[in-house]
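Novice: Right, I'll just put the structure down here and ask away after.
Residue numbers (our numbering), protein chains in the order written: chain A, 39 to 285; chain B, 39 to 285.
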């Protein structure tokens with residue numbers, strides 16, 4: 039079980055010195071990702087669910103914009119999970135999630151996910167601890183169902199530091215092109231940083247099958263590189279074949 | 039684990055002699071059901087999923103028409119699960135099911151269900167045995183999720199005899215008002231009766247939490263009575279309260 043305070047949010051030094059090469063490598067990976075997705079789309083044998091979690095301003099949106107920008111949108115869909123609607127609240131917490139599980143051939147990106155139901159809800163004590171542990175089990179069963187039926191689940195935690203988050207949240211109040219991202223509530227949630235880290239660590243301990251990829255995210259170029267690399271690695275592991283001509 | 043061949047499809051003798059009284063009792067139960075459902079709808083604290091399974095012509099449609107005819111349609115919804123569409127087939131087998139899980143306040147009736155994925159699919163060997171056992175577990179996890187989050191699952195198996203089924207299937211070819219129900223494929227599936235009974239027994243053995251209600255269904259008036267009774271009993275056990283006036 040990873041202790042987040044012991045994990046760096048920055049790239050290792052030798053990598054930091056290599057920023058230019060890393061950015062070039064990401065471009066190549068992004069191109070590879072495009073080709074692999076097309077093959078997956080043609081083959082229609084399996085699907086891929088990519089879960090992006092992280093604190094506010096950890097760069098979930100930026101990841102989608104940068105890493106997946108070349109991917110054919112017909113084969114890649116994005117769903118952002120915000121505060122549940124009244125209709126969603128009237129169902130179990132996985133009901134709205136399951137609807138967006140990807141069909142075969144498709145990559146589905148989740149900007150936040152069912153993990154919010156054991157993060158923001160837990161930290162704010164909207165649910166009791168028994169419910170949290172029930173949900174861990176329910177999440178594990180749900181992800182097992184997906185994995186067992188041909189949908190690979192890839193989970194990324196974008197690990198941003200407390201200080202870097204402040205820089206980014208403040209930029210949203212000073213840079214007119216980022217005004218739209220500003221949300222006063224983010225500063226409130228920031229006050230509960232320690233509780234969030236604890237809740238994330240608990241998620242990693244109890245819902246780590248499939249495993250979490252913890253991505254140092256204080257530098258966007260490094261974060262994008264790591265995610266692109268994991269994406270390509272995962273898609274390659276599928277050992278896909280172009281379908282033969284139908285008779 | 040019930041052995042179906044040892045269970046009667048007919049009402050016990052003392053009940054059969056009491057047909058008139060039973061039919062009157064069903065009417066009262068049906069009225070009670072209507073009132074209980076309204077209270078459930080007003081309370082919006084829990085939901086009820088009613089699964090109807092049974093061989094062709096076992097009377098699933100008739101049950102819905104007769105037992106639930108007085109229930110407010112705003113609080114009671116019916117979903118019939120037939121051959122999956124291409125889109126449904128591209129997802130896990132519970133994807134299309136989960137979408138129709140009832141929100142709080144609602145009774146959802148399933149005419150066939152996810153159990154077909156371990157019945158018709160198994161009997162016809164469209165899936166291997168490992169998949170069957172995986173699905174048993176996946177179904178159990180799914181129903182546990184529903185039950186743990188306020189949705190009671192009520193499962194009825196409508197137990198019709200081999201001989202009575204033939205009478206009913208043949209009536210569909212002679213009674214013009216029943217022509218629309220005729221389907222030549224039903225006679226084909228009928229040839230696999232023993233395999234179906236075995237598959238049902240296995241379902242009862244492996245997916246019996248919540249338990250199955252096995253309903254003798256050769257006599258419709260008795261079947262309707264038993265189902266109405268179980269419905270009323272279940273709704274009463276919810277111990278519902280009319281909501282107090284909102285301030």
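Even for Gly, the Cβ is constructed at its ideal location relative to N, Cα and C.
Note that this is a predicted model, so its numbers are computed, not measured.
(1) May I ask you to list, following chain order, the residues of the stretch 80 to 92 of chain B that have a beta carbon less than 9 Å from some beta carbon of chain A?
(2) According to the neighbour-count rule (16 or more other Cβ atoms, all chains shown, within 10 Å of its Cβ), is residue 129(A) buried or exposed?
(3) Residues of the stretch 150 to 164 of chain A in Cβ contact with chain B at a cutoff of 7 Å, in chain order, please.
(4) When you compare only the Cα positions, how much space is there between residue 44(B) and residue 60(B)?
(5) Rounded to the nearest angstrom, what separates residue 277(B) and residue 168(A) at their Cα positions?
(6) Which residues in chain B have a C-beta closer than 9 Å to the C-beta of residue 166(A)? List them in chain order.
(7) Rounding to the nearest angstrom, what Cα-Cα distance links residue 247(B) and residue 145(B) in this structure?
(8) Considering only residues of the same chain and omitting the five flanking positions on each side of residue 198(B), which have a CB-CB separation below 8 Å?
(9) What residues in the stretch 233 to 267 of chain A bring their beta carbon closer than 7 Å to a beta carbon of chain B?
(10) Is residue 71(B) near residue 109(B), with beta carbons less than 8 Å apart?
(11) Does DSSP put residue 183(A) in a helix, in a strand, or in coil?
(12) Going by DSSP, what residues sit across from residue 114(B) in a beta bridge?
(13) Check residue 177(A) in the structure and name its three-state DSSP category.
(14) Using the Cβ count rule (16 or more neighbours within 10 Å means buried), how would you classify residue 62(B)?
(15) Relative to the C-alpha of residue 290(A), which candidate in 262(A), 141(A), 88(A) has its C-alpha closest?
(16) Taking Cβ positions, are residue 267(A) and residue 67(A) nearer each other than 8 Å?
(17) Thinking just about the alpha-carbon of each residue, which of 151(B), 252(B), 170(B) is nearest to the one in residue 160(B)?
(18) For a contact meaning CB atoms closer than 8 Å, what does residue 231(B) contact in chain A?
(19) The alpha helix (DSSP H) that contains residue 188(A), what's its start and end?
(20) Do residue 196(B) and residue 86(B) come within 8 Å of each other at the CB atom, strictly closer than that value?
(21) How about residue 110(A): is its C-beta nearer than 8 Å to some C-beta of chain B?
(22) Kindly identify the DSSP beta-bridge partner or partners of residue 252(B).
(23) Counting only beta-carbon separations shorter than 8 Å, does residue 137(B) have a partner in chain A?
Specialist: Concretely, from the data shown:
(1) 82, 85
(2) buried
(3) Closer than 7 Å at the C-beta level to chain B, one finds no residue of the stretch 150 to 164 of chain A.
(4) 24 Å
(5) 23 Å
(6) Here the premise fails: no neighbours, minimum Cβ distance about 13 Å.
(7) 19 Å
(8) 47, 92, 93, 95, 96, 97, 206, 255, 256
(9) none
(10) yes
(11) helix
(12) 145(B)
(13) helix
(14) exposed
(15) No statement about residue 290(A) is possible, as the shown extent of chain A runs from 39 to 285 and does not include it.
(16) yes
(17) Cα-wise, what sits closest to residue 160(B) is 170(B).
(18) In chain order: nothing, as chain A lies at least about 30 Å away.
(19) First-last for residue 188(A): undefined, no H or E at that position.
(20) no
(21) So no, residue 110(A) is outside the interface.
(22) 195(B)
(23) Using a CB distance cut-off of 8 Å, residue 137(B) counts as an interface residue toward chain A.
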